[in-house]
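**Student:** Let me give you the structure first, and then I'll get to my questions.
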Amino acid sequence: MSHPRMPGSRTGRPVRPNYLAGLGSLLWLGIVGLPLAVLLTTTLRTQSDYATNGPLTLPKRLTLTNYTDALSQGFAQDFVNTCVVTVSVVALVLLLVPPLAYTIVRSRRRSVRTVFRVFLLGLAVPAQAVIVPMFYLISKAGLYDDLTGVVLPTAAFSLPICTLILTGAMRDITPELYEAMAVDGASPWRVFRQLVLPLSRGGLATIVVFASLQAWNGFLFPLVLTQSDSTKVVTLGLYSFQTEHGVNAPGLLSAVVLSMLPVLGVYLFARRALVQGLMGVGGK
Amino acid sequence: MTRSPTPDRAGPTRPGRADRTRADRAARTRSGPAGLTRPGLVWALPATAFFTVFALVPLALVAVLSFTTWNGIGAPRAAGLANWTALLHDPVMLKSLWLSALLTALGVLLQTPISLLLGVWAAGHQRNRAILSAIYFVPLLLSATAVSVLWRALLDPNFGLPAQAPWLFGDGNLLGSRDGAIGVLAFVGAWQWTPLHTLIYQGSARAIPQVLHQAAAIDGAGRLRQFWHVTLPQLRTTMVTSTVLMVVGGLTTFDTVLILTQGGPGTETTISAYYMYQQGFKSFDFGGASAIALVLVVVATLVSLAMVRLSGYDAMRAGAEGI
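Which chain is which? The protein sequence lines are S and G, in order. First residue of the first sequence: 1, per the working numbering; consecutive thereafter. First residue of the second sequence: 1001, per the working numbering; consecutive thereafter.
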C-alpha cells in the first residue's frame, strides 16, 4: 500500500495501481472537500436564496454582500485585535525561545537539563486546566479585558512546543562549526548571532508559523479574559455572531471564511515550514 | 566550566542520534573544555521565568483554589475539603468523566484507522497524492471555533444538509438526541484532527527504510502483507505518540461542545472540560471549577504516562497538543 512504484521495479513485476486506496482517498476527499465547497458557495449567495434552495444547490446569483456585511458588523475591529495579539505573541516567542533553545543545546549544566524537562512536561498541560487561576491572576494584575492579558498566557502556552521544535533544528548544527568559532575566541553572544541564528532559520520560520497559528486561532483565553467589543478577537467574534445571528448562515460563514484567509495565506507561502514542523511533532 | 565524569547530553537523545552524540563527545575531547565557550544559565532565564509565571504558577494555583470558595469578585476564602466532597457526590461530574472517556475513545477509534491508512497512502511521492494531501490539510487551518460554527450551520435541521438529505440524516435534528449529539461531536473532532494525525503518520511512513519493503517484495509479500508485516510494526512508536495526542486532545475538548451542543440535550454531552467552564464562568463557583480542573490534569497526565509506559516507549517529549 505504501510504495507501489518500488517493489515492481525491483522484482520486475509491473506496478499495479492501488485501486482500493485510491477509492478510499477519494471518499475522504468528499468528506473534507464537500463541507468546504458548501462553505464557499454559501457565502456567495443571498440569505433568501440559501433559505429556499438549501446548501447543496449552486447560488442563483453571486454576491459579496455577506462579506461586506460581516466586515461592517464589527468584524473588522476583531481582525485588528487578533493581528495585535498574534504579532505580540510571535514577538515574545522570538525573544524568549532562541536563547533558551541555544542554551539547551549547548550548555552542559545539570540545571539546564532540568529546565528542558520542565518545558517538555509543559507540553502535556492543557490550557483548559488553568483558565480559572489565569482569570484570577490576570484580574489581580488589572489586565482583565485587556489584550495584554490575552497575549501573556497565549505566549506562555506556545513556549513548550516552540522550544521543542527549535532545539531540534539547532541540534543539526555540527559541533565542528562551534569549535571553529571557539578557536577564534568567540563569546557565546557572537556564536549565537553569527552561527546559531543564521543556521536555524528553518526552525525559526517554523516556530513563527506555529506561534502565529496558535495565537490567531486561540479561543479559550480570550473567552475568559475579555468581554468588551473593543477587545474582541476573531474567534470570539465568530462565537458571538453565531449566538446572535445564527440563522444568517451566509453572513456567519462569510465571517468563517474571512477568519481563515490570513492562515490560508500563510499555508500557501510557508507550507514547508508548517508541514515539516507538524510532521516533526510525531517524532520517530 | 566543569566537566562531569560521565559524558552527558543536553536532554534526551532520539534513537539514531547516537552517532552524532559520539561525534560531539569526540569533538569536546579534542578541543578540551576551555576551548569552547558555552552559554550560561542566564540565557535560559527569561523564558523560564516567563513560563513559570504564566504557566507553572497558575497550575499550582489550581490546586490551591480547589480548597477555596470564590465567586469571581473579592478574595477566595478557604473552604477546606468542601469542593472535593461536593464533587464526589455530584452525579453530573461522574457522568461528565464517563462522557469524556467515551468521546475520547470514539475519537481514537475513528481517527486512528483513517489517519493511519491516509498517512501511509500519502507517503508515496506521486503527484496526485501530493495534491490531495494539500486539500486534506485545510481543516487543520481552521480554528476549532470556525469548524464548530461551520458544522453547526451545516447541520441545522431546517436550512442545513439534513433538510436536503433526509435519507442520510433521518428526522434531521441530530443535536436533539443523546446519541446524535455524541456522534456529531466525535465526527466533527475527527473532521478537524484527522489531518494532523495523517501528517504525523505520513512523516513516519516516509522514514521507513525502503530496503525493508524491497526485501519483503523479493520474498514475495504482496501489498497487504507488506503493510501488515513491514509498515505497521515500523509505525508502532508513532501510533503511541498519535494516540497520546488524541487522548489529551479528547479529554480537553471544549470549543466544539460550547458551540455545537452547550453540553445538551440536558447534560448528555456535558464533558468534564465543559462542566468546569460552566461551574466557573456560568455558575461562578470557581472553587468547584478548580477541583474539576485538577481532576482533568491528573487524569490526562496519568493516562498519557500509562500509555507511554505500557507501550515501552518514552514519547512524552513529543506529546504536543493544541496545534
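From the three backbone atoms N, C-alpha and C, an ideal C-beta is built for every residue, glycine too.
(1) Let's test the definition: count the other Cβ atoms within 10 Å of the Cβ of Ile1218(G) and tell me whether it reaches 16, buried, or not, exposed.
(2) Can you give the beta carbon distance from Leu1212(G) to Val1230(G), rounded, assuming they're within the 8 Å contact cut?
(3) Using the beta-carbon of each residue, which ones in chain G are nearer than 7 Å to Arg109(S)?
(4) If you measure from the beta carbon of Arg272(S) to each beta carbon in chain G, is any gap under 8 Å?
(5) Give me the subset of the segment 1241 to 1262 of chain G whose CB atoms are less than 7 Å from a CB atom of chain S, sorted by chain position.
(6) Give me the subset of the segment 56 to 79 of chain S whose CB atoms are less than 9 Å from a CB atom of chain G, sorted by chain position.
(7) Looking only at C-alpha atoms, which of Gly142(S), Met170(S), Leu147(S) and Thr43(S) sits nearest to Ala101(S)?
(8) With a threshold of 8 Å between beta carbons, is Tyr1275(G) in contact with chain S?
(9) For Arg1178(G), which residues of its own chain have a beta-carbon under 7 Å away from its beta-carbon, when the five flanking residues on both sides are left out?
(10) Going by beta-carbon coordinates alone, are Pro188(S) and Thr1037(G) separated by less than 8 Å?
(11) Quick check for students: name the residue ranges of the beta strand (DSSP E) that lie wholly in the segment 1037 to 1111 of chain G, counting only runs of 3 or more.
(12) For the segment 1175 to 1256 of chain G, which segments carrying the beta strand (DSSP E) assignment without a break, of at least 3 residues, lie completely within its bounds, in sequence order?
(13) When the Cα atoms are used, what is the spatial distance from Val1184(G) to Leu26(S)?
(14) Determine whether the beta carbon atoms of Gln47(S) and Arg1152(G) lie at a separation below 8 Å.
(15) Would you say Ser230(S) reaches chain G, if we count a Cβ-Cβ gap shorter than 8 Å as a contact?
(16) Grouping DSSP H, G and I as helix and E and B as strand, with all else coil, what is Thr60(S)?
(17) Any Cβ of chain G within less than 8 Å of the Cβ of Val150(S)?
(18) Which of the three DSSP states, helix, strand or coil, is assigned to Pro198(S)?
(19) Which of the three DSSP states is assigned to Glu1268(G) in this structure?
(20) When the Cβ atoms of the segment 1117 to 1134 of chain G are set against those of the segment 21 to 37 of chain S, are three or more pairs found closer than 8 Å?
(21) May I ask you to report which of helix, strand or coil DSSP gives Ser187(S)?
(22) Determine the burial state of Trp1070(G): buried for a count of at least 16 other Cβ atoms within 10 Å of its Cβ, exposed for fewer.
(23) Along the segment 1133 to 1145 of chain G, what residues have a CB closer than 7 Å to any CB found in chain S?
(24) Can you tell me the Cβ-Cβ gap for Val150(S) and Thr226(S), rounded? I've got them flagged as a contact below 8 Å.
(25) Please decide whether Arg193(S) counts as near chain G, where near means a Cβ-Cβ distance under 8 Å.
(26) So, for Pro153(S): in the same chain, excluding its five sequence neighbours on each side, which residues have a beta-carbon less than 8 Å away from its beta-carbon?
(27) So Gly122(S) contacts chain G; which residues on that side make the cut at Cβ distance below 7 Å?
(28) Does Val1240(G) pass the burial test, meaning 16 or more other C-beta atoms within 10 Å, or should it be called exposed?
(29) Can you look up Arg1030(G) in the DSSP assignment and give me helix, strand or coil?
(30) Suppose you measure from the CA of Ala1300(G) to the CA of Val1247(G); what does that come to, to the nearest Å?
(31) Taking the alpha helix (DSSP H) that Phe1169(G) belongs to, which residues open and close that run?
(32) Does any residue of chain G have a CB that is nearer than 8 Å to the CB of Tyr144(S)?
(33) Can you name, in chain order, every residue of its own chain whose Cβ lies under 7 Å from the Cβ of Ile1271(G), other than the five neighbours on each side?
(34) Mark Gln1210(G) as exposed unless 16 or more other C-beta atoms lie within 10 angstroms of its C-beta, in which case mark it buried.
(35) Whose C-alpha, out of Met279(S), Asn217(S), Leu278(S) and Val38(S), is nearest the C-alpha of Leu1155(G)?
(36) When you compare the CB positions of Leu1150(G) and Leu253(S), do they come within less than 8 Å of one another, or not?
**Tutor:** Inspection of the coordinates gives the following:
(1) Counting other Cβ atoms within 10 Å of its Cβ, Ile1218(G) stays below 16 and is therefore classed as exposed.
(2) Between Val1230(G) and Leu1212(G) the Cβ distance is about 5 Å, and since that is below 8 Å, they are a contact.
(3) Here the neighbours are Leu1041.
(4) Residue-level contact check: Arg272(S) does not touch chain G, since none of the beta carbons of chain G fall below 8 Å from its beta carbon.
(5) The segment 1241 to 1262 of chain G vs chain S, Cβ under 7 Å: Thr1241, Ser1242, Val1248, Thr1252, Phe1254, Asp1255 and Ile1259.
(6) Cβ contacts with chain G: Leu56 and Thr57.
(7) Selected option, being the one with the closest Cα: Met170(S).
(8) The Cβ of Tyr1275(G) sits no closer than 8 Å to any Cβ of chain S.
(9) Same-chain partners within the cutoff: Pro1265 and Glu1268.
(10) Between Pro188(S) and Thr1037(G), the C-beta spacing is below 8 Å.
(11) The qualifying runs do not exist here; there are none.
(12) Here no run is fully enclosed.
(13) Their Cα atoms are separated by approximately 22 Å.
(14) Against a cut-off of 8 Å, the Cβ pair of Arg1152(G) and Gln47(S) comes out as no contact.
(15) Taking Cβ atoms only, chain G never reaches closer than 8 Å to Ser230(S), which makes this a no.
(16) Note on identity: in this sequence residue 60(S) is Lys, with Thr being the wrong assignment. Here Lys60(S) sits in coil by DSSP.
(17) Cβ-Cβ to chain G under 8 Å: no for Val150(S).
(18) Three-state DSSP puts Pro198(S) in a helix.
(19) Reduced to three states, the DSSP call for Glu1268(G) is coil.
(20) By the Cβ test, the segment 1117 to 1134 of chain G is in contact with the segment 21 to 37 of chain S, since at least three Cβ pairs between them sit closer than 8 Å.
(21) Look at Ser187(S) here: in three-state DSSP terms it is coil, with no helix or strand label.
(22) Its Cβ being crowded by 16 or more others within 10 Å, Trp1070(G) is buried.
(23) From the segment 1133 to 1145 of chain G, only Ile1135, Tyr1136, Val1138, Pro1139, Leu1141, Leu1142, Ser1143, Ala1144 and Thr1145 have a Cβ closer than 7 Å to chain S.
(24) Yes, they are in contact, since the Cβ atoms of Val150(S) and Thr226(S) sit about 6 Å apart, within 8 Å.
(25) Chain G places no beta carbon closer than 8 Å to that of Arg193(S), leaving this residue out of the contacts.
(26) Result list for Pro153(S): Ala127, Val130, Met134, Ile138, Phe221 and Leu225, in chain order.
(27) In chain order: Phe1051 and Ala1055.
(28) It counts as buried.
(29) Because the pLDDT at Arg1030(G) is just 42, under 50, the model does not fix this residue reliably, and the point stays unresolved.
(30) Distance from the CA of Ala1300(G) to the CA of Val1247(G), rounded to the nearest whole angstrom, comes to 8 Å.
(31) Run containing Phe1169(G): Pro1166 to Phe1169, per the alpha helix (DSSP H) assignment.
(32) So no, Tyr144(S) is outside the interface.
(33) Result list for Ile1271(G): Ser1096, Leu1099, Ser1100, Leu1103, Thr1253 and Val1257, in chain order.
(34) With fewer than 16 Cβ atoms within 10 Å of its Cβ, Gln1210(G) is classed as exposed.
(35) Of the candidates Met279(S), Asn217(S), Leu278(S) and Val38(S), the one whose C-alpha sits nearest the C-alpha of Leu1155(G) is Val38(S).
(36) Note that the C-beta distance between Leu1150(G) and Leu253(S) is below 8 Å.
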